[in-house]
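Peer 1:
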Amino acid sequence: MNRRRQAGLSLVELMIAITIGMVLAIVAANAYMSASTAQSAQTDITRIQESARFTFDLFAREARLAGYRNNAVAGAQWLTFDTSAASTSYVSGSNDAVTVDLGGGIIPTVLNTSDTVTFRYYGHDNPDTVTPPGTADGSVVDCQGNSVRRDDMLTETLYVAADATNNNEPTLFCGSVLVPFTGATTRVQVPLIPGVESLQLLYGEDTDGDGVINRYVPIQSVSDLGAIKAIWVSVVIRAPGSSAPAAQSLVFNHFGVTYAPGATAPGGDAGSVFTGPNDARPRRVLSTVVALRNNL
Numbered sequence: 069m070n071r072r073r074q075a076g077l078s079l080v081e082l083m084i085a086i087t088i089g090m091v092l093a094i095v096a097a098n099a100y101m102s103a104s105t106a107q108s109a110q111t112d113i114t115r116i117q118e119s120a121r122f123t124f125d126l127f128a129r130e131a132r133l134a135g136y137r138n139n140a141v142a143g144a145q146w147l148t149f150d151t152s153a154a155s156t157s158y159v160s161g162s163n164d165a166v167t168v169d170l171g172g173g174i175i176p177t178v179l180n181t182s183d184t185v186t187f188r189y190y191g192h193d194n195p196d197t198v199t200p201p202g203t204a205d206g207s208v209v210d211c212q213g214n215s216v217r218r219d220d221m222l223t224e225t226l227y228v229a230a231d232a233t234n235n236n237e238p239t240l241f242c243g244s245v246l247v248p249f250t251g252a253t254t255r256v257q258v259p260l261i262p263g264v265e266s267l268q269l270l271y272g273e274d275t276d277g278d279g280v281i282n283r284y285v286p287i288q289s290v291s292d293l294g295a296i297k298a299i300w301v302s303v304v305i306r307a308p309g310s311s312a313p314a315a316q317s318l319v320f321n322h323f324g325v326t327y328a329p330g331a332t333a334p335g336g337d338a339g340s341v342f343t344g345p346n347d348a349r350p351r352r353v354l355s356t357v358v359a360l361r362n363n364l
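Number 364 marks the last residue of the sequence shown (this note's numbering); no jumps.
1) Which residues share a DSSP beta bridge with R405?
2) Please state if the CB of A229 and the CB of P286 are separated by a distance shorter than 8 Å.
3) Who are the near neighbours of I281 in its chain, counting only those whose CB is closer than 7 Å to its CB and skipping five residues on each side?
4) Rounded C-beta distance between A307 and G263? I'm assuming under 8 Å.
5) Can you name, in chain order, every residue of its own chain whose Cβ lies under 6 Å from the Cβ of V247, other than the five neighbours on each side?
6) Give a yes or no on whether the C-beta atoms belonging to A128 and V303 are separated by under 8 Å.
7) What residue from R352, G277 and P350 has the CA that sits closest to N363's CA?
8) What would DSSP say about S317, mapped onto helix, strand or coil?
9) By Cβ distance, which residues of its chain are closer than 6 Å to F122, with the 5 residues on each side in sequence left out?
10) Can you find the residues in the same chain that come closer than 7 Å, C-beta to C-beta, to V258, ignoring five residues on each side of it along the sequence?
11) Quick check: what's the CA-CA separation for P329 versus D347?
12) Where does the unbroken beta strand (DSSP E) through V245 begin, and where does it stop?
13) Return the chain-ordered list of same chain residues with a C-beta closer than 6 Å to the C-beta of F124, the five sequence neighbours on each side being excluded.
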């Protein structure tokens, strides 16, 4: 018998095998970590995009309803577009807010000198299809999805605040106030879209009455609330995860260098330039313009 063929591995052969195994393990671990990091980053970006889409859909819905009344019913309650009084106008707001007063002693704190906006409109019912008459038919709903009746006025304020039920995550809230034609006023605060960290608004005003927007300005610079035709909405949204390559503090210029040259906020609108916290959470600034359809 050949004793040489029955001999075990030499120490050198064993060390080579271990080294090759370690190299393969390191390569596999790096590949897994890279794939996991890429997946986390993609998930964070997707969440930001989803939050932005929900935010803009919400603003579009509210802007579309602002000033609405059921014109098919004689004598239906309605809001005027010609008043300059913020408390009764179809749209109003505040710039670089610290708090927002929803009435009834409800005064949430607004984060990051964000703006707030309030939309007012009435509900709807079709007396030909709804029994009994005056019952909401579901075509106009509040932030919670509750139907609003024809002569009940809904006031909904959108603002950014910390959500105490979600680790104080910056969140887009809806403060909903329902003033019924008969009965008691109800008020609720509804956290809607987590991750909205900064909200800024400019209002498109038709200053000469020709139906064309002449300028976009903060709410305090609007000369006639009844001349607002559209709202430029800009948000900074942060992801739930920490997939950024490194902790960093980025500056976000909501309305670009024309409005804020050199990323320096103009006087009276400090919130238009937002500096994010020094962390590893991805952020994006996104914007859209929503039309106030009932005033076009």
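Backbone N, C-alpha and C fix where the C-beta goes; we use that ideal spot for every residue, glycine too.
Peer 2: Here's the rundown:
1) The structure shown does not extend to residue 405, since the chain is modelled only from 69 through 364, so no value can be given for it.
2) Within the sequence shown, numbered from 1, the residue matching residue 286 stands at position 218. Within the sequence shown, numbered from 1, the residue matching residue 229 stands at position 161. Contact: no.
3) Taking the first residue of the sequence shown as position 1, residue 281 is located at position 213. Same-chain partners within the cutoff: G272, E273, D274, K297 and A298.
4) Stepping through the sequence shown from its first residue, residue 307 is reached at position 239. Stepping through the sequence shown from its first residue, residue 263 is reached at position 195. Between G263 and A307 the Cβ distance is about 7 Å, and since that is below 8 Å, they are a contact.
5) Numbered from 1 along the sequence shown, position 179 holds the residue referred to as residue 247. Taken in chain order, the residues that qualify are M221 and T253.
6) Here residue 128 corresponds to residue number 60 of the sequence shown, with the count starting at 1. Here residue 303 corresponds to residue number 235 of the sequence shown, with the count starting at 1. No, these two residues do not count as a Cβ contact at 8 Å.
7) Residue numbering aside, residue 363 sits at position 295 when the sequence shown is read from its first letter. Comparing Cα positions, the closest option is G277.
8) Locating residue 317 in the sequence shown gives position 249, counting from the first residue. It is coil, neither helix nor strand.
9) For the purposes of this step, residue 122 is taken as residue 54 along the sequence shown, with counting starting at 1. Excluding sequence neighbours, F122 sits near I261.
10) Taking the sequence shown and counting its residues from 1, one reaches residue 258 at position 190. For V258, where only same-chain residues beyond five positions count, the Cβ hits under 7 Å are C211, Q212, F241, C242 and S244.
11) Mapped onto the sequence shown, residue 329 falls at position 261. Mapped onto the sequence shown, residue 347 falls at position 279. Near 26 Å, if we compare the C-alpha coordinates of D347 and P329.
12) Locating residue 245 in the sequence shown gives position 177, where the first residue counts as 1. Taken as a continuous stretch (DSSP letters only), the beta strand (DSSP E) holding V245 covers E237 to V247.
13) Counted from its first residue, the sequence shown places residue 124 at position 56. If we look at F124 and ignore the five residues flanking it on each side, its Cβ neighbours are T356.
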